[in-house]
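Residue 16 is where the sequence shown starts when you use the numbering used here, and the numbers rise one by one after that. The beta-carbon is built from N, C-alpha and C at its ideal position, and this holds for glycine as well.
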Amino acid sequence: MAMIRKILWLLATFLFAHVQLAAAQHPVKNARIGFLFFGSKDQPQPDALLVPGGAMMTLNSKRIVDLATNLRLPAMYQTGQFIEDGGLMAYGVNYGDLYRRAAIYVDKITKGAKPADLPVELPMRFELPINLNAAKQIGVTIPPNVLARADKVIR
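This is the structure:
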């Protein structure tokens, strides 16, 4: 997790000159409250938005993407669903790969392996999809070397 945060921070600082991070300790129970938080008078508007993963965020992905676009905020997400909904970029685990690897574990267990004897594995494949349409909408230029590393580029 620390490595992912470091990569996200480096990518964010490379793309956006000044990044202001604000973190919430508890998930928002009501999406409307979460959206009102960005308009709070005592909080300056951030330079970029880093959207954490989770069911509430994924459930409201289209609304979050629309909010970031309307505020012209470059945003980075944890799943590609946000990019399909029009978000700028995401960096996260390839869930298809995780499911395939989980099936290998199930196969080993059904063949008699003890679960306690199986090693714990961390995700190995991560994806970086980038939406150039979203970048154009909010006025952000993605450097060519970042585009070259992207797994998927939406034009």
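Quick check: does the Cβ of residue 62 come within less than 7 Å of any heavy atom belonging to the ligand MN? You won't find the ligand MN in this model; it holds no ligand whatsoever.
Classify residue 135: buried if its beta carbon has 16 or more other beta carbons within 10 angstroms, exposed otherwise. exposed
Does the separation of the CB atoms of residue 149 and residue 95 fall below 8 Å? Residue 95 sits away from residue 149, with the two beta carbons spaced by 8 Å or more.
Measuring alpha carbon to alpha carbon, tell me which of 86, 78, 115, 110 ends up nearest residue 97. 78
Own chain partners of residue 120 with C-beta closer than 7 Å, once the 5 adjacent residues on each side are dropped: 133
Quick check on residue 63: does DSSP put it in helix, strand or coil? coil
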